[in-house]
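Read in my numbering, the sequence shown has 273 at position 273, and its numbers run on one by one without any break. Don't be surprised by glycine CBs; every beta carbon is placed ideally from N, CA and C. No experiment lies behind these values; they were computed from the predicted model shown.
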Amino acid sequence: MAANTQVLLDHRPTAKVSAANFRVVETPVPALGAGQVLVRHAFLSLDPYMRGRLSDANSYAKPQEVGAVMQGGAVGIVEASNSPRFRVGDAVVGMGGWQRYYVTDGRDLQVVDARAIPIQAYLGPIGMPGVTAWYGLNQIIAPKSGETVLVSAATGAVGSVVGQLARRAGARAIGVAGGPEKCSYAVAELGYSACVDHRSPTFAAEIKAALPNGVDGLFENVGGEPFQQALRRLNDFARVAICGLIASYEGAATALPDMRLVLVKRIKVEGFIVSDHMALWPKALGELAGLVAAGRLQWRETIRDGLENAPQALVDLLRGGNFGKMLVRI
Ligand SMILES: NC(=O)c1ccc[n+]([C@@H]2O[C@H](COP(=O)([O-])OP(=O)(O)OC[C@H]3O[C@@H](n4cnc5c(N)ncnc54)[C@H](OP(=O)(O)O)[C@@H]3O)[C@@H](O)[C@H]2O)c1
């Protein structure tokens with residue numbers, strides 16, 4: 001059996017995370033015990049929440065352990081199985097983390113159909129990011145036909161799905177994204193009616209012009225100044241889904257919405273964590289998989305090759321260096 005390559009958290013970042021916070025090691029793959037499964041990973045999912053787990057501050061999830069394999073979603077192929085639930089050759093999605101081989105009792109693994117859909121889609125539009133988009137849009141914003149839904153990080157793993165689902169619900173989807181290339185893609189491929197570049201020096205004027213009817217639903221992925229601008233454009237009875245605040249994950253302060261605005265406009269602001277809503281995942285995944293299989297949901301990926309490049313891929317994701325779902329191919 002080949003050696004396992006693993007990426008461990010070496011020490012916690014005290015300011016911005018860098019690749020030096022991690023360490024790559026080679027270890028033997030343990031022999032399979034009764035009921036265990038050996039998975040060879042094909043793709044790792046890189047996700048903004050990972051930055052929070054690198055810190056030991058109190059949060060909704062347990063911190064990543066120092067000296068342990070970096071946790072995270074991954075897809076791969078079963079190479080050996082002592083479990084009746086899995087056969088050699090099965091495509092699976094699970095939480096195997098940043099390593100080439102994963103030995104597990106299979107409790108976290110799901111068999112997926114990777115014949116017609118690329119296996120890594122189970123880390124994107126038909127995985128956790130897709131369900132996040134589905135939940136925040138349908139359960140919090142609940143757009144009505146003709147309403148305007150504003151989405152930040154509009155071309156990212158979550159945002160790209162939100163925009164397309166909002167449009168399918170008959171709403172007018174407006175995106176905010178970083179740079180002209182992302183904005184062109186948002187309109188041409190994802191069906192946003194308009195997309196505003198938050199790096200533009202005239203962003204404030206441009207977002208105002210893109211929202212002649214204001215905002216009925218705000219799907220917030222970023223925070224920061226664009227969020228403040230978006231809040232000013234909210235209509236009476238607007239719904240704000242606080243999905244993520246990536247602009248502050250490395251220490252920048254978050255700003256509260258003006259509470260007077262929340263009151264006088266009777267706005268609903270709701271934060272959510274997708275893993276609190278596991279009962280809805282099968283429904284969401286069923287709908288998303290149907291759309292993907294029918295070619296009605298587009299997505300895009302940024303793929304970095306090599307497990308040893310996972311730390312830098314995370315750093316780049318946290319600086320907005322991805323275009324679509326950030327993945328590492330092993
Ligand atoms: N609540 C939940 O359960 C849940 C689940 C999954 C994800 N999330 C959150 O959803 C958001 C999107 O996640 P994702 O996986 O889909 O990531 P993503 O959107 O694919 O990637 C992050 C994007 O954020 C944008 N961004 C804007 N300002 C930024 C800044 N100051 N620093 C870094 N990035 C900035 C960048 O896009 P532009 O260049 O277009 O600005 C970047 O590409 C994140 O906040 C994440 O934490 C929440």
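Ligand 1 has a heavy atom closer than 7 Å to the beta-carbon of F272. The alpha carbon of A171 has as its nearest neighbour, out of N213, E181 and T155, the alpha carbon of N213. Annotation note: the region 255-318 contains the following uninterrupted alpha helix (DSSP H) runs of length 4 or greater, listed N- to C-terminal: 259-264, 281-293 and 310-318. At a cut-off of 7 Å, the beta-carbon of T14 does not count as near ligand 1: no heavy atom of the ligand is closer than that. For M95, the CB stays at least 7 Å from every heavy atom of ligand 1. Annotated three-state conformation of Q110 is strand, per DSSP. Inter-residue distance for V196 and F323 is about 16 Å (C-alpha atoms, whole angstroms). With a contact defined as Cβ atoms closer than 8 Å, A210 and A194 qualify at about 4 Å.
Between L318 and V17, the gap from beta carbon to beta carbon is short of 8 Å. N221 has its CB nearer than 7 Å to a heavy atom of ligand 1. With fewer than 16 other beta carbons inside 10 angstroms of its own, T254 counts as exposed. Sixteen is the threshold: when 16 or more other Cβ atoms of the shown chains lie within 10 Å of the Cβ of L44, as they do, the residue is buried. Going by C-alpha positions, R300 is about 8 Å away from G156. Judged by DSSP in its simplified three-state form, F323 adopts coil rather than helix or strand.
Under the three-state reduction of DSSP, E147 is assigned to coil, being neither helix nor strand.
Assignment of I126 by DSSP, reduced to helix, strand and coil, places it in the coil class. In the DSSP assignment, the residues bridged to C195 are G175. Under the DSSP assignment, V162 falls in the alpha helix (DSSP H) whose first and last residues are A157 to R168.
Between the region 120-140 and the region 94-109, the count of C-beta pairs closer than 8 Å stays below three; the two stretches do not touch. Counting along the chain, A61 sits inside no beta strand (DSSP E), nor does DSSP assign it H or E at all.
If you check the C-beta of H41 against ligand 1, you find no heavy atom less than 7 Å away.
By alpha-carbon distance to A133, the top candidate from G76, T14 and W281 is W281.
V75 sits close to A42, with the two beta carbons spaced by under 8 Å. Per the DSSP secondary-structure output, Y102 pairs in a beta bridge with V39. Within the model, the alpha-carbon separation for L234 versus S248 is close to 22 Å. Judged by the Cβ position, P48 qualifies as a neighbour of ligand 1 at the 7 Å threshold, a heavy atom of the ligand being closer than this. Between the region 264-272 and the region 159-173, the count of C-beta pairs closer than 8 Å stays below three; the two stretches do not touch.
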